[in-house]
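Enquirer:
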Amino acid sequence: MMKKPNIVYVFPDQYRIHAMGFWRKPEYRDALRGVSDPVHTPNLDKFADESIVLTQAVSTCPLCSPYRGMLFSGRYPEQNGVKHNCNNMRTDSLREDITCLTDVLADEGYNVGYIGKWHLDMPVPNCDAKGNYMVENGTHFPDGSKLGDVDLTDSANLYHCCWKAVTPESRRHRIDYWHNYGVNDWRQTTQYRDTDNKRYTVNKWAAAADGDLAVSYIHNDQGQRNEDNPFFLCVGINPPHNPYTEKEHTDMEMFDKYYSEERVPDIWHLLNRPNVPENAEAINFVRYYFSSVTGIDRQFGRIIEALESKGELENTIVVFSSDHGEMMGGHNLGAKNLPHEESYLIPFILRYPRAVSHRLEDLKMAGPDVMPTLLGLAGLKESIPMDLDGTDYSEIFIKGEEAKIEKPKSSLYIYDYPECQRKGVRTDRYTFVIERDEQGNMNKSYIFDNEADPYQMNNLDFEDLSHETLEFLKKELGYWLQKAGDQWYQDRVFEDFINYESVEIS
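For the sequence shown, the residue numbers in UniProt numbering are 1 to 506.
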């Protein structure tokens with residue numbers, strides 16, 4: 001009997017789709033609208049040539065925690081408990097009572113490992129004397145040490161109390177190998193909690209420290225897993241997520257080799273997208289961000305090499321992806337949360353030579369689709385929970401145009417905070433987003449013709465769209481909000497504009 005495939009999911013945070021060198025090769029050059037970033041990613045370039053490369057994979061909600069919740073649960077934020085970034089000022093946490101990807105795989109006999117950033121639990125409002133880590137209760141750490149005095153007027157302490165979470169075993173959804181740094185690392189000093197929730201520090205850049213753990217797990221050199229079982233390993237690398245304001249925040253060797261002022265004197269060679277204005281703050285950050293991109297590529301190459309040397313590469317579904325992108329100065333904006341291509345589109349490259357051939361694929365795959373699709377590719381269709389929001393697209397991955405399953409015509413965009421809510425869709429051609437302000441009023445927010453305006457520099461009005469196009473976009477938005485069980489659908493927000501009743505959701 002053939003062994004079930006392993007799954008390795010490499011998942012750097014805030015890694016935009018444009019930051020991969022292979023887009024400059026003739027086969028890929030026209031797959032993205034506009035120019036890609038001038039980055040060095042030799043391992044990803046080779047990997048792409050052996051993989052299916054999605055050109056329109058989307059973040060849905062371009063924010064760390066909500067995407068992670070969708071990825072692991074197969075459900076949209078309204079259903080999985082994570083609508084916002086998890087911190088101690090909110091109640092968001094991944095629900096314990098739902099079946100997640102790791103639960104299914106554990107039931108199927110997989111060893112399940114997680115390394116790096118998790119960011120799916122609400123921290124308790126306490127931290128240690130240095131403000132470094134949250135505790136599981138108000139008195140003691142899991143290792144028995146007592147809570148120190150913490151000055152919460154100190155902004156550094158307050159920040160880490162807000163974000164740092166300890167995830168007890170009961171909330172890990174059957175993950176049996178755990179080396180986690182909650183939300184963020186410390187760049188050249190990475191602080192983990194292990195499977196027993198004991199803290200330890202590695203004096204190494206976070207992506208390299210994560211890479212060491214991943215390589216060790218694959219080689220099983222410390223007995224981390226049962227070699228008779230297949231394994232799932234998710235490597236949740238925090239870089240290239242900000243901060244990226246100094247050399248110590250990145251892979252310093254890659255900075256010196258490829259992105260320093262001596263190597264690239266003209267900053268506009270790096271900031272090559274015309275929607276980046278001359279006064280963009282990104283001129284101070286881009287060298288460090290791209291250095292992290294190349295440093296992550298180096299660690300990804302180590303993971304692939306480990307799988308190959310262990311004899312597991314050909315029987316492993318390997319995915320390189322991210323939770324959301326990075327504006328990096330586009331429209332003079334930074335980071336995420338936006339429906340712009342730089343923020344909303346994500347990498348998704350999958351290699352599985354037993355079933356999937358190399359090609360470009362324009363499937364608009366969203367976060368909830370990842371869980372059922374991976375299970376389908378692993379031959380576990382019968383184990384996919386019936387109540388998922390996501391769709392199993394494994395047939396498209398395997399059969400391409402011969403697949404009988406229909407591709408979605410659009411993808412959902414959501415941004416959901418009380419002071420500003422934005423909901424929209426992206427089609428092959430248009431980005432269409434409306435906004436609800438704090439008073440409940442509707443504002444036209446973002447409407448772009450991405451075909452005519454690939455850098456999204458001309459924000460259209462409703463009347464710039466044909467009646468047929470506008471009605472189609474409103475119908476698609478209603479469809480997705482209904483499918484997602486979104487609060488707008490439940491409350492019929494803007495029901496005189498959004499077509500909520502146009503499509504029955506099966």
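Every residue gets a Cβ at the ideal spot worked out from N, C-alpha and C, and that includes glycine.
(1) Measure from the alpha carbon of V293 to the alpha carbon of each residue in N332, S73, M252 and G69, then state which is nearest.
(2) Should F47 be labelled buried (16 or more other beta-carbon atoms within 10 Å of its own) or exposed?
(3) So that I know if they touch, is there some Cβ in chain B lying closer than 8 Å to that of T190?
(4) Would you call I405 buried or exposed, if buried means 16 or more other Cβ atoms sit within 10 Å of its Cβ?
(5) In its own chain, which residues sit with a C-beta less than 7 Å from the C-beta of A355, not counting the 5 before and 5 after it?
(6) Determine whether the beta carbon atoms of D103 and R171 lie at a separation below 8 Å.
(7) Would you call the region 12–31 and the region 258–272 in contact, with 3 or more CB pairs under 8 Å?
(8) On the DSSP bridge list, what partners appear for L380?
(9) So, at 8 Å on beta carbons, what are the nonlocal neighbours of M353 in its own chain, with the 5 sequence-adjacent residues on each side left out?
(10) Can you list, in chain order, the residues of its chain with a C-beta nearer than 8 Å to that of Q222? Leave out the 5 residues immediately preceding and following it.
(11) When the distance is taken between beta carbons, is E419 closer than 8 Å to F438?
(12) Just the C-alpha distance for Y15 and S59, rounded to the nearest angstrom, thanks.
(13) Opposite S321 in the DSSP bridges: which residues?
(14) Skipping 5 residues on each side, what residues in its chain have a beta carbon closer than 6 Å to that of A209?
(15) For a test of the three-state rule: what should DSSP assign to L481, helix, strand or coil?
(16) Give the DSSP-derived three-state secondary structure of F497 in the structure shown.
(17) Grab me the residues of N100's own chain with a C-beta within less than 6 Å of its C-beta, minus the 5 sequence neighbours each way, in chain order.
(18) Helix, strand or coil for V293, going by three-state DSSP, please let me know.
(19) Are the CB atoms of P339 and Y413 nearer to each other than 8 Å?
(20) What's the gap between the Cα of K336 and the Cα of G329?
(21) Within this structure, are the beta carbons of A280 and L270 separated by less than 8 Å?
(22) Reducing DSSP to helix, strand and coil, say where V264 ends up.
(23) What are the partner residues of E178, as DSSP defines its beta bridges?
(24) Grab me the residues of residue 578's own chain with a C-beta within less than 7 Å of its C-beta, minus the 5 sequence neighbours each way, in chain order.
(25) Would you kindly work out how many angstroms separate the C-alpha atoms of T373 and G113, rounded to a whole number?
(26) If you drop the 5 nearest sequence neighbours on each side, which residues of the same chain put their C-beta closer than 7 Å to that of A484?
(27) From G334 to E246, what does the alpha carbon distance come to, in whole angstroms?
(28) Under DSSP, the beta strand (DSSP E) around C234 begins and ends at which residues?
(29) Short of 6 Å in beta carbon distance, which residues of its chain neighbour S291, apart from the five on each side in sequence? Order them along the chain.
(30) CA-CA distance, F285 and I304?
(31) On the DSSP bridge list, what partners appear for V10?
(32) What residues are listed by DSSP as bridge partners for I304?
(33) For D45, which residues of its own chain have a beta-carbon under 6 Å away from its beta-carbon, when the five flanking residues on both sides are left out?
(34) Return helix, strand or coil for F432, following the three-state DSSP convention.
(35) Can you tell me which of the three DSSP states L360 falls into?
(36) Taking all protein chains shown into account, do 16 or more other C-beta atoms lie within 10 angstroms of the C-beta of T391, making it buried, or fewer, making it exposed?
Expert: Let's see:
(1) Closest option to V293, Cα to Cα, is M252.
(2) A residue is called buried once 16 or more other Cβ atoms fall within 10 Å of its Cβ, and F47 is buried on that count.
(3) In the displayed structure, chain B is absent; only one protein chain is listed.
(4) Exposed, by the Cβ-count rule.
(5) Closer than 7 Å at Cβ, skipping near neighbours: L377 and I398.
(6) For D103 and R171, no; Cβs fall outside 8 Å.
(7) With the cut-off at 8 Å, the region 12–31 and the region 258–272 do not touch.
(8) Paired residues: none, contrary to the question.
(9) In the sequence under discussion, the amino acid at residue 353 is Pro, which differs from the Met named in the question. For P353, where only same-chain residues beyond five positions count, the Cβ hits under 8 Å are E50 and E314.
(10) Result list for Q222: S216, in chain order.
(11) Checking the sequence shown, residue 438 turns out to be Glu, not Phe. Between E438 and E419, the C-beta spacing is below 8 Å.
(12) The straight-line gap from Cα to Cα measures roughly 11 Å.
(13) In the DSSP output, where bridge partners are listed per residue, S321 has F348.
(14) Result list for A209: T190 and V202, in chain order.
(15) DSSP places L481 within a helical segment (H, G or I) once states are collapsed to three.
(16) F497 sits in coil when the DSSP states are folded into three classes, being neither helix nor strand.
(17) It is worth fixing the name first, because residue 100 is Cys in this sequence and not Asn. Within the same chain, C100 has close Cβ partners F72, S73 and H173.
(18) V293 falls in the helix class under three-state DSSP.
(19) Inclusion of P339 and Y413 in the CB contact set at 8 Å is warranted, their separation being smaller than that value.
(20) Roughly 11 Å separates the two Cα atoms.
(21) No; because the gap between Cβ atoms is not below 8 Å, this pair is not in contact.
(22) Coil at V264, not helix or strand.
(23) Before going on, a small fix: residue 178 reads as Trp here, not Glu. DSSP lists Y114 as the bridge partner or partners of W178.
(24) The structure shown does not extend to residue 578, since the chain spans only 1 to 506, so no value can be given for it.
(25) Cα to Cα, the separation comes out at about 19 Å.
(26) So the list reads Y76, E78, D389 and L412, once near-sequence residues are dropped.
(27) G334 and E246: Cα-Cα distance of roughly 16 Å.
(28) Per DSSP, the continuous beta strand (DSSP E) segment holding C234 begins and ends at F231 to G236.
(29) T250, D251, M254, F255 and Y259.
(30) For F285 and I304, the distance between alpha carbons rounds to 29 Å.
(31) In the DSSP assignment, V10 is bridged to V235 and F320.
(32) For I304, no pairing in a beta bridge is given by DSSP.
(33) Excluding sequence positions up to five before and after D45, its CB lies within less than 6 Å of the CB of G21 and F22, all in the same chain and listed in chain order.
(34) Three-state DSSP puts F432 in a strand.
(35) Strand at L360.
(36) Around the beta carbon of T391, 16 or more other beta carbons lie within 10 angstroms, which makes this residue buried.
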